[in-house]
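The working numbering numbers the first residue of the sequence shown as 1 and each following residue consecutively.
Idealized CB from N, CA, C, for every residue including glycine.
All remarks here apply to the structure that follows.
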Amino acid sequence: TAGTVTAPAPSARTNDFFGTAFALDGDTLAVGASEPVSASGDAISTTSGAAYVFTRQANGWTAAPIELRASNGDPDDEFGRSIAVRGDVLAVGAFREDGLVAGTEGAGDTANAGTDVGAVYVFRKAGNGWNQVRYVKPPVARDNAALGTSVVLTPFGMLAGASADGAAPTFSGLVHEYN
């Protein structure tokens, strides 16, 4: 092995699921830690999940990565379950986020009127940090759509999987494109 990237202390906890998803672009490595269960492993997490951004340096990856959290994170959102990075843009999926708004919003819905609707959070690099710039929801928000199951950044925008979205009765899943 040439090296190992580990969850940063003091954030590292039992069952963080660090490495659930990761993406690499140039010298930027983004790693999800979706935290779907509690530290004891027997209950739903009390945190929404996290993403960590590492930068490649001459002697390996940064020891103290930048930690990102959802602006409206709630327990069991599974923020960090999917992740993509392209240049100065980073997208993080939270397929169990419960906001019931549709389309793209600013900071995020905090009403939690839905169940597992899902969301993708888009961050842009600013100096030495990353700022959340978009909160993306399915075009038609519905319970159990699970937007953010997967995410990819393209030269034209973003594709986001919603593994249980679609028309009744099958709800077999959709991929949404955002510019």
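To which residues does DSSP link residue i through a beta bridge?
i, result
"L90", "V85, F123"
"T62", "Partner(s): none; T62 has no beta bridge."
"S150", "G161"
"E177", "L159"
"A168", "Paired residue(s): none; A168 is not in a bridge."
"R56", "W61"
"V5", "Looking at the DSSP assignment, V5 forms no beta bridge with any residue, so it has no partner."
"L24", "L29"
Would you check if the distance between the CB atom of residue i and the CB atom of residue j is smaller than 8 Å?
i, j, result
"V89", "R56", "no"
"D116", "D74", "no"
"G99", "P139", "no"
"E177", "L159", "yes"
"E78", "G114", "no"
"T20", "G80", "yes"
"A146", "V120", "no"
"G93", "V5", "no"
"F95", "G118", "yes"
If I'm right that residue i touches residue j with Cβ under 8 Å, what's the distance once you round it to whole angstroms?
i, j, result
"G166", "G173", "6 Å"
"A51", "L24", "Actually they are not in contact, since the Cβ atoms of A51 and L24 sit about 13 Å apart, beyond 8 Å."
"V101", "A70", "14 Å between Cβ atoms; not a contact."
"F17", "S34", "5 Å"
ask   = What are the uninterrupted segments assigned as beta strand (DSSP E) that are 3 or more residues long and contained completely in the stretch 103-142, given in chain order?
value = 119-126, 129-136
query = Using 8 Å as the threshold, is the stretch 71-85 in touch with the stretch 26-37, meaning 3 or more CB pairs across them?
reply = yes
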